[in-house]
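Following: one structure in structure tokens, then a few remarks.
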Amino acid sequence: MRCNEVKRSLSAYFDGELSEDKMLKIKEHLKYCNSCASELRKIERIHGLMESFPVLEAGPYFEAQVIEKIERESRRKRYHLGLKLAIGFALGGILLFLVTFKYQPGQNEPAQSYASLDTYLQEYIETSGRHIAGNDPGLITAISSTGETAR
Amino acid sequence: MKREEPEEILIKMAKKGDVSAFSELVKRYERYILNLVYRTLGYSEDAEDIAQETFIKAYNNIKKFREESKFSTWLSKIAINLCRDKFRSKSHKEENLEDGVWLTIPQNSYYDPEETAERMEIQEKIRKAVASLPEELRAVFVLRELEDLSYEEISKMLNIPIGTVESRIYRARMKLKTLLSDLRTVEEVTEESEV
Numbered sequence: 029m030r031c032n033e034v035k036r037s038l039s040a041y042f043d044g045e046l047s048e049d050k051m052l053k054i055k056e057h058l059k060y061c062n063s064c065a066s067e068l069r070k071i072e073r074i075h076g077l078m079e080s081f082p083v084l085e086a087g088p089y090f091e092a093q094v095i096e097k098i099e100r101e102s103r104r105k106r107y108h109l110g111l112k113l114a115i116g117f118a119l120g121g122i123l124l125f126l127v128t129f130k131y132q133p134g135q136n137e138p139a140q141s142y143a144s145l146d147t148y149l150q151e152y153i154e155t156s157g158r159h160i161a162g163n164d165p166g167l168i169t170a171i172s173s174t175g176e177t178a179r
Numbered sequence: 042m043k044r045e046e047p048e049e050i051l052i053k054m055a056k057k058g059d060v061s062a063f064s065e066l067v068k069r070y071e072r073y074i075l076n077l078v079y080r081t082l083g084y085s086e087d088a089e090d091i092a093q094e095t096f097i098k099a100y101n102n103i104k105k106f107r108e109e110s111k112f113s114t115w116l117s118k119i120a121i122n123l124c125r126d127k128f129r130s131k132s133h134k135e136e137n138l139e140d141g142v143w144l145t146i147p148q149n150s151y152y153d154p155e156e157t158a159e160r161m162e163i164q165e166k167i168r169k170a171v172a173s174l175p176e177e178l179r180a181v182f183v184l185r186e187l188e189d190l191s192y193e194e195i196s197k198m199l200n201i202p203i204g205t206v207e208s209r210i211y212r213a214r215m216k217l218k219t220l221l222s223d224l225r226t227v228e229e230v231t232e233e234s235e236v
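First to last, the protein sequences are chains A and B. Position in the first sequence counted from 1, then plus 28, gives you my numbering. Position in the second sequence counted from 1, then plus 41, gives you my numbering.
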């Protein structure tokens, strides 16, 4: 193998990442080539210097802080979920209220002025009667003629 | 209280929402992740925050962790991605070592204040040299030299071809060779003076 080729591969050789065949060829070459052997020593030196790379310690509260943040976030999520449910129920309740009471008989009709109380009562009975009695005309006639409900 | 359960059990429990099991996982990996982040970033100021964020993100995504893969690799991937986000959001300059995380000096056979100061100076030079590498070279170099991952593991973690891993490590070493050529470790100076 030629020096150029060897030098390019020394990094992978040092890491043991070459094929066995190539490893053996380079090993042989290094026996006789000072230049390449010197290159390898420089790579070994860099590796050795990394042992002196500063090491950090996680302070004594590291883990506790992580857990605290996790629990705070999950409380926040539960709170927001609770809030959404509460608003949902409230809106649902309001909607239910409107549907139930908005469509009662007579309440949607615009206010009218009545000539007399009698006329008003007559109209009221007739309207209620239509709802209550459904399609039974007999009952409606009986109600309007007598002014009171007849059973 | 120290828990002794094997990692697989802790992970299963954490998936069910057992925060206490997850906290044991944090204890086991905090130093590892903190230093991975520190070395990948090149400075210590944000290292603790990002390391903590790594674990929080891991907890939120633990259900996605497939048990056939290595937990440490999965955590490392999250950490490195967060470092990448940090690079993009902040145009960082060289930071000095800060308080907030604690610095450990590798064990000496004896304690000598002058030697300790020298060691710290050497460490700082090494840290600066690695920090000065371009981000893409540094990440790969750190994973190989400091985390001892194979080219294949690095390739999978960073989603790059093995050939690229090899070439980046080579280039990182060439750069560091120049940057650190005049740095002499305490041992080397001692050797020279004995000759």
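Cβ coordinates follow ideal geometry from the N, Cα and C atoms, glycine included.
Item to check | Euclidean distance between Cα positions of A/K55 and A/H75 | outcome: Here the question's residue 55 of chain A lines up with position 27 in the first sequence. Here the question's residue 75 of chain A lines up with position 47 in the first sequence. Taking the CA atoms as reference points, A/K55 sits about 19 angstroms from A/H75.
Checklist entry - What is the DSSP secondary structure of B/Y199, counted as helix, strand or coil? => result Translated into the one-based positions of the second sequence, residue 199 of chain B becomes position 158. In the sequence as presented, Tyr is not what sits at residue 199 of chain B; that position holds Leu. Here B/L199 sits in helix by DSSP.
Checklist entry - Should A/K130 be flagged as near chain B, meaning a C-beta pair shorter than 8 angstroms? => result Start at 1 with the first residue of the first sequence, and residue 130 of chain A comes out as number 102. A/K130 has a beta carbon lying at 8 angstroms or more from every beta carbon in chain B.
Checklist entry - Within 10 angstroms of its Cβ, does A/I115 collect 16 or more other Cβ (buried), or is it exposed? => result Counting from 1 along the first sequence, the entry for residue 115 of chain A is found at position 87. The residue in question, A/I115, is exposed, as its Cβ has fewer than 16 Cβ neighbours within 10 Å.
Checklist entry - What is the C-beta distance between B/V78 and B/A120, in whole angstroms, given that I count them as a contact (C-beta under 8 angstroms)? => result Along the second sequence, one-based indexing puts residue 78 of chain B at 37. Along the second sequence, one-based indexing puts residue 120 of chain B at 79. Sure, about 5 angstroms apart at Cβ, within 8 angstroms.
Next on the checklist: For a minimum of 3 consecutive residues, which ranges assigned as the beta strand (DSSP E) are wholly contained in the region 65–121 of chain A?
Outcome noted: If you keep only unbroken beta strand (DSSP E) runs of at least 3 residues inside the region 65–121 of chain A, you get 83–85.
Checklist entry - If you measure beta-carbon to beta-carbon, which residues of the region 113–130 of chain B are closer than 7 angstroms to chain A? => result Across the region 113–130 of chain B, no CB contact with chain A closer than 7 angstroms is found for any residue.
Checklist entry - For the region 48–67 of chain B, which residues have a beta carbon sitting closer than 7 angstroms to at least one beta carbon of chain A? => result Within the region 48–67 of chain B, the residues whose Cβ lies closer than 7 angstroms to some Cβ of chain A are V60, S64 and V67, listed in chain order.
Checklist entry - Between the C-alpha atoms of B/N137 and B/T95, what's the straight-line distance to the nearest angstrom? => result Taking the second sequence and counting its residues from 1, the one referred to as residue 137 of chain B is at position 96. Taking the second sequence and counting its residues from 1, the one referred to as residue 95 of chain B is at position 54. Any answer about B/N137 is weak, because its pLDDT of 43 lies below 50 and its placement is not dependable; what the coordinates show is given next. The straight-line gap from Cα to Cα measures roughly 23 angstroms.
Checklist entry - Under the rule that 16 or more other beta-carbon atoms within 10 Å means buried, what is B/K216, buried or exposed? => result Stepping through the second sequence from its first residue, residue 216 of chain B is reached at position 175. When all chains shown are included, B/K216 counts as buried.
Checklist entry - Using the beta-carbon of each residue, which ones in chain A are nearer than 7 angstroms to B/E218? => result Locating residue 218 of chain B in the second sequence gives position 177, where the first residue counts as 1. Just to set this straight, residue 218 of chain B is Lys in the shown sequence, not Glu. Taking a Cβ-Cβ threshold of 7 angstroms, the residues of chain A close to B/K218 are K70 and I74, in chain order.
Checklist entry - Does DSSP put B/E188 in a helix, a strand or coil? => result Along the second sequence, read from residue 1 onward, the residue named residue 188 of chain B stands at position 147. DSSP places B/E188 in the coil class of the three-state scheme, outside both helix and strand.
Checklist entry - So what does DSSP say about A/E48, is it helix, strand or coil? => result Here residue 48 of chain A refers to the residue found at position 20 when the first sequence is read from its first residue. Helix at A/E48.
Checklist entry - Less than 8 angstroms separating the beta-carbons of A/L77 and B/I167? => result Locating residue 77 of chain A in the first sequence gives position 49, counting from the first residue. Locating residue 167 of chain B in the second sequence gives position 126, counting from the first residue. Between A/L77 and B/I167, the C-beta gap is smaller than 8 angstroms, which places the two residues in contact.
Item to check | Within-8 angstroms CB hit, B/L82 to chain A | outcome: Walking along the second sequence from the start, residue 82 of chain B turns up at place 41. Chain A, which has no Cβ nearer than 8 angstroms to the Cβ of B/L82, makes this no.
Next on the checklist: To the nearest angstrom, how far is the alpha carbon of B/T219 from that of B/F106?
Outcome noted: Numbered from 1 along the second sequence, position 178 holds the residue referred to as residue 219 of chain B. Numbered from 1 along the second sequence, position 65 holds the residue referred to as residue 106 of chain B. Using only the alpha carbons, I get a separation of about 41 angstroms.
Checklist entry - With distances taken between CB atoms, is the gap from B/R209 to B/L178 smaller than 8 angstroms? => result Along the second sequence, read from residue 1 onward, the residue named residue 209 of chain B stands at position 168. Along the second sequence, read from residue 1 onward, the residue named residue 178 of chain B stands at position 137. In contact: B/R209 and B/L178 (Cβ atoms closer than 8 angstroms).
Item to check | For B/R69, the nearest candidate out of A/E85, A/Y148, A/T147 and A/S102 (CA to CA) | outcome: Indexing the second sequence from 1 puts residue 69 of chain B at position 28. For B/R69, the closest of A/E85, A/Y148, A/T147 and A/S102 by C-alpha to C-alpha distance is A/E85.
Checklist entry - Would you say B/N76 faces chain A, with C-beta separation under 8 angstroms as the test? => result As a first step, residue 76 of chain B must be located in the second sequence, where it is residue number 35. Flagged as an interface residue toward chain A: B/N76, by a C-beta distance shorter than 8 angstroms.
Checklist entry - What residues from chain A crowd round B/A88, counting only those whose CB sits closer than 9 angstroms? => result Locating residue 88 of chain B in the second sequence gives position 47, where the first residue counts as 1. The contacting residues are L84.
Next on the checklist: Nearest by alpha-carbon distance to B/S113: which of B/L66, B/A88, B/S222 and B/G58 is it?
Outcome noted: As a working mapping, residue 113 of chain B is identified with position 72 in the second sequence. Among B/L66, B/A88, B/S222 and B/G58, the Cα nearest to that of B/S113 is on B/L66.
Checklist entry - Can you give the Cα-Cα distance for A/A65 and B/Y211, rounded to whole angstroms? => result Against the first sequence, residue 65 of chain A aligns to sequence position 37. Against the second sequence, residue 211 of chain B aligns to sequence position 170. Their backbone Cα atoms lie some 16 angstroms apart in a straight line.
Next on the checklist: Determine whether the beta carbon atoms of B/L82 and B/K127 lie at a separation below 8 angstroms.
Outcome noted: For the purposes of this step, residue 82 of chain B is identified with residue 41 of the second sequence, where counting begins at 1. For the purposes of this step, residue 127 of chain B is identified with residue 86 of the second sequence, where counting begins at 1. Less than 8 angstroms separates the beta-carbon of B/L82 from that of B/K127.
Item to check | Selected residue, minimal CA-CA separation from A/I95, among B/K169, B/I91, B/D90 and B/V60 | outcome: By one-based count along the first sequence, residue 95 of chain A stands at place 67. Comparing Cα positions, the closest option is B/V60.
Checklist entry - DSSP state of A/L123, grouped into three classes? => result Taking the first residue of the first sequence as 1, we reach residue 123 of chain A at position 95. Note: A/L123 maps to helix in three-state DSSP.
Checklist entry - If B/E71 sits next to A/F90, beta carbons under 8 angstroms apart, how far is it from one beta carbon to the other, in whole angstroms? => result The sequence position of residue 71 of chain B within the second sequence is 30, counting from 1. The sequence position of residue 90 of chain A within the first sequence is 62, counting from 1. Here B/E71 really is in contact with A/F90; their C-beta atoms are around 5 angstroms apart, less than 8 angstroms.
Item to check | Nearest residue (CA-CA) to A/L68, options A/C31, A/E48 and A/I98 | outcome: Sequence index remark: in the first sequence, residue 68 of chain A carries index 40 (1-based). Ranking A/C31, A/E48 and A/I98 by Cα distance to A/L68 puts A/C31 first.
Checklist entry - What's the C-alpha gap between B/Y73 and B/S117? => result To locate residue 73 of chain B, count along the second sequence from 1; it is residue 32. To locate residue 117 of chain B, count along the second sequence from 1; it is residue 76. Cα to Cα, B/Y73 sits roughly 9 angstroms from B/S117.
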